[in-house]
Structures are given as C-alpha cells and as structure tokens.
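S.K.: The numbers in numbering that gives the first Met the number 0 rise by one with no breaks, and the one at position 144 of the sequence shown is 143.
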Amino acid sequence: MRWAAVVAFTAGIGHCSVQPGTPTPSGALGGDAGGEPVALLSPDPAGLPVEAVTLTTVVEGLEHPWGMAWLPNGTLLITERPGRLRIVRSGRLDPKPVPGVAPVASDVKADQLFAASQGGLLDIAPHPRFAENGWIYFSYAHGTREANGTRVARARFDGRALRDWQVIFRVNRSKSGGQHFGSRLLWLPDATLLVSIGDGGNPPVSLDGAWIRLQAQNPASHLGKVVRLNDDGSIPPRQPLGRTPRSRSGGVEPRPPQHPGPGPRPGAPAGVGHGAWLPGRR
Numbered sequence: 000m001r002w003a004a005v006v007a008f009t010a011g012i013g014h015c016s017v018q019p020g021t022p023t024p025s026g027a028l029g030g031d032a033g034g035e036p037v038a039l040l041s042p043d044p045a046g047l048p049v050e051a052v053t054l055t056t057v058v059e060g061l062e063h064p065w066g067m068a069w070l071p072n073g074t075l076l077i078t079e080r081p082g083r084l085r086i087v088r089s090g091r092l093d094p095k096p097v098p099g100v101a102p103v104a105s106d107v108k109a110d111q112l113f114a115a116s117q118g119g120l121l122d123i124a125p126h127p128r129f130a131e132n133g134w135i136y137f138s139y140a141h142g143t144r145e146a147n148g149t150r151v152a153r154a155r156f157d158g159r160a161l162r163d164w165q166v167i168f169r170v171n172r173s174k175s176g177g178q179h180f181g182s183r184l185l186w187l188p189d190a191t192l193l194v195s196i197g198d199g200g201n202p203p204v205s206l207d208g209a210w211i212r213l214q215a216q217n218p219a220s221h222l223g224k225v226v227r228l229n230d231d232g233s234i235p236p237r238q239p240l241g242r243t244p245r246s247r248s249g250g251v252e253p254r255p256p257q258h259p260g261p262g263p264r265p266g267a268p269a270g271v272g273h274g275a276w277l278p279g280r281r
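Following this line, the structure appears as structure tokens:
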C-alpha cells in the first residue's frame, strides 16, 4: 500500500535534519519554517517524474514511530523509538505494546536500549521465511550517553510476545552522544541482511583525534557503512571489501547511509545518502 511506503520514508528522513537556515545546493533553506518541514530539492529537478501522492491517516497515538513491517497474515508491526513494538490489526492499534523488546535499564550489563536523542528502537524486518521460523530482526541504539552504538538483534514472535532475544551484530566502535545511529534493514534475494549504520555524529563529536564522521571512510570501522550479514549474524563468504573479522561492510560511504532499498534490478539495492551532496548510490 502506498501509505505504508510514505509513512516509513517520512519517519526515516525526519530523524536528523539540516539546521534551520542552512542553505542547500538548490537554494532552499533546510530545517524548520514555522513548524512545517521544508522540502529539500535537487539542484535541477526538471525532467523528474511527478506522481501525485495522497496521505491518509491510518493509525494515531504513536510516539516517534520509526520502522514498520507487514507479516504474512496482514498484521502490521511498528517500532517506536522509546523502545516499544506496536501491533496494528485490521487497521486498529493494540493499546498494549508487545512484550519482550530489549529492556530500557540502568544496568549496562543488560541488553540496554539507549532511548534518548536520536537513539532507541529503530528498524524492523521479518525474516524472509518468517512463516516457518518466526524470526523478526531489529536495529537499535545500545548503551549510555557516554558509550553507545548500533546493534542488531532477532527474536521470535508468536503473535503476542517476543522471546529468544538474540544480539547478532554489534558496531565495533563505541561512541558518545546521541546522534547518527542509522538505521534501516533490508533483506536481499540471497537471504542476507543489509544494515545501514550512521557515522556517529556531527562536529565537534570526535573519535581517534578526528571528527567521528570521518570513520565513514575507514574500512575497519562499521560507522558510516552498510554491513551485510547472514541471518545468524555471521559474515557472508563474498563481501565487496573482503571477508575479515573486523569488517562486514558492503560499502564505504562519504556520509552516513540513510536508507538502503530495492534498486532497479533484482539483487542490486540502492541507497540514499545523508546530505545534499550524494542523494543516492547503487
């Protein structure tokens, strides 16, 4: 359904915006104009196809919805960044969140969800064989304001609750602050999983004596990358940057990848970069 795509895209781009009054290559101003979002156009939109889109409110009462996924039976699952998983059945939102999500806790030894600033429960993606195995995959921010990073976990969903929560991926560089975690999930036709990961933040946030965003150009760092995983979190045998314990990266990005998605050819995903200088890559 078209509304589903629109809601998911809106949630993704609303995560981190240009500062108010910042000029873009198109001459438009980014940020907030009287409380209304400002569209950031490409430098020359002439010739681009224009398609009318109708927005219809389907569900209300959600707090910072981020990811959404359909199950084979028509149930819609929606993540809320504060750490809740919600169910929509027949167009109605269940008032009770799904139990079993990684706890928001003060004990850093637990699988602690960092639900602050831009962090929290992020994307959701059922396994391609969900009807057989019941696995659902999540990306989320983990840790504390002083030390945090993006993780991927999976859990089995029985229609009422999550169980068997398993962390299958941890970003290999811890950072501070509450910016730029990513994250989106995309299954490829070979049943491997793409995970987009943010670059860690804007200046003056730094790592190793340099701006943290430069980690996006470091092949040994997961920050600012799209990583590719097997469904159990292991490294697939064929990787664009080689198969090493340090890097599962599927590509090096100049800015944090915002959203991988299906490309024009089967098995060739496309990605939207963060910022006006690289609107998309394949």
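Every residue gets a Cβ at the ideal spot worked out from N, C-alpha and C, and that includes glycine.
#1: Less than 9 Å separating the beta-carbons of I196 and T143?
#2: Count the other C-beta atoms from every protein chain shown that fall within 10 angstroms of the C-beta of V49, then say buried if there are 16 or more, exposed otherwise.
#3: Write down every uninterrupted run of the beta strand (DSSP E) in the region 37 to 79 whose length is 3 residues or greater and which is fully enclosed by it, in chain order.
#4: Whose C-beta lies closer than 8 Å to the C-beta of D93 among residues of the same chain, with five residues either side of it excluded?
#5: Straight-line CA distance for R128 to P203?
#6: How about T284 and I123: do their beta carbons lie closer than 9 Å?
#7: Please state if the CB of I167 and the CB of A190 are separated by a distance shorter than 9 Å.
#8: Where does the unbroken alpha helix (DSSP H) through F129 begin, and where does it stop?
#9: Please classify G90: is it buried, with 16 or more other beta-carbons within 10 angstroms of its beta-carbon, or exposed?
#10: For R159, which option in P96, G82 and P236 has the closest C-alpha, if you only look at C-alpha atoms?
#11: Less than 9 Å between the beta carbons of G119 and G82, yes or no?
#12: Under a Cβ-count criterion, where at least 16 other Cβ atoms within 10 Å of its own Cβ denotes burial, should A140 be classed as buried or exposed?
#13: For F156, tell me which candidate among Q117, L54, P98 and D207 has the shortest Cα-Cα distance.
#14: Note down the Cα distance separating L187 from R169, rounded to an integer number of angstroms.
#15: Quick one: what's got a C-beta closer than 7 Å to N229's C-beta in the same chain, skipping five residues either side?
#16: Going by beta-carbon coordinates alone, are L193 and R227 separated by less than 9 Å?
#17: Specify the secondary structure class of Q298 as computed by DSSP and reduced to three states.
#18: Once the 5 residues before and after F113 are set aside, which same chain residues still bring their CB inside 6 Å of it?
M.R.: So, to answer that:
#1: By 1-based counting over the sequence shown, the position of residue 196 is 197. By 1-based counting over the sequence shown, the position of residue 143 is 144. Against a cut-off of 9 Å, the Cβ pair of T143 and I196 comes out as no contact.
#2: Start at 1 with the first residue of the sequence shown, and residue 49 comes out as number 50. Exposed, by the Cβ-count rule.
#3: 64 to 69 and 75 to 79
#4: Numbered from 1 along the sequence shown, position 94 holds the residue referred to as residue 93. The answer, listed in chain order, is R85, I86 and V87.
#5: For the purposes of this step, residue 128 is taken as the residue at position 129 of the sequence shown. For the purposes of this step, residue 203 is taken as the residue at position 204 of the sequence shown. Approximately 43 Å between the Cα atoms of the pair.
#6: Here the chain comprises residues numbered 0 to 281, so residue 284 is not present and cannot be evaluated.
#7: Translated into the one-based positions of the sequence shown, residue 190 becomes position 191. Translated into the one-based positions of the sequence shown, residue 167 becomes position 168. No, these two residues do not count as a Cβ contact at 9 Å.
#8: Counted from its first residue, the sequence shown places residue 129 at position 130. F129 to N132 is the extent of the alpha helix (DSSP H) around F129.
#9: Counting from one through the sequence shown, the residue named residue 90 turns up at place 91. That one is exposed.
#10: In the sequence shown, residue 159 corresponds to position 160, counting from 1. Considering only alpha carbons, the answer is P96.
#11: Here the question's residue 119 lines up with position 120 in the sequence shown. Here the question's residue 82 lines up with position 83 in the sequence shown. Yes, Cβ-Cβ distance for G119 and G82 is below 9 Å.
#12: Position 141 of the sequence shown, counting from 1, holds the residue named residue 140. So A140 ends up on the buried side.
#13: For the purposes of this step, residue 156 is taken as residue 157 along the sequence shown, with counting starting at 1. Nearest option by C-alpha distance: P98.
#14: For the purposes of this step, residue 187 is taken as residue 188 along the sequence shown, with counting starting at 1. For the purposes of this step, residue 169 is taken as residue 170 along the sequence shown, with counting starting at 1. Approximately 20 Å, taken between the alpha carbons.
#15: Against the sequence shown, residue 229 aligns to sequence position 230. Cβ within range, chain order: T191 and P235.
#16: Start at 1 with the first residue of the sequence shown, and residue 193 comes out as number 194. Start at 1 with the first residue of the sequence shown, and residue 227 comes out as number 228. Yes, they are a contact pair.
#17: Beyond the ends of the chain as shown, which are 0 and 281, falls residue 298; an answer cannot be given.
#18: What you label residue 113 is simply residue 114 of the sequence shown in a count that begins at 1. Cβ within range, chain order: A140, H141, G142 and N147.
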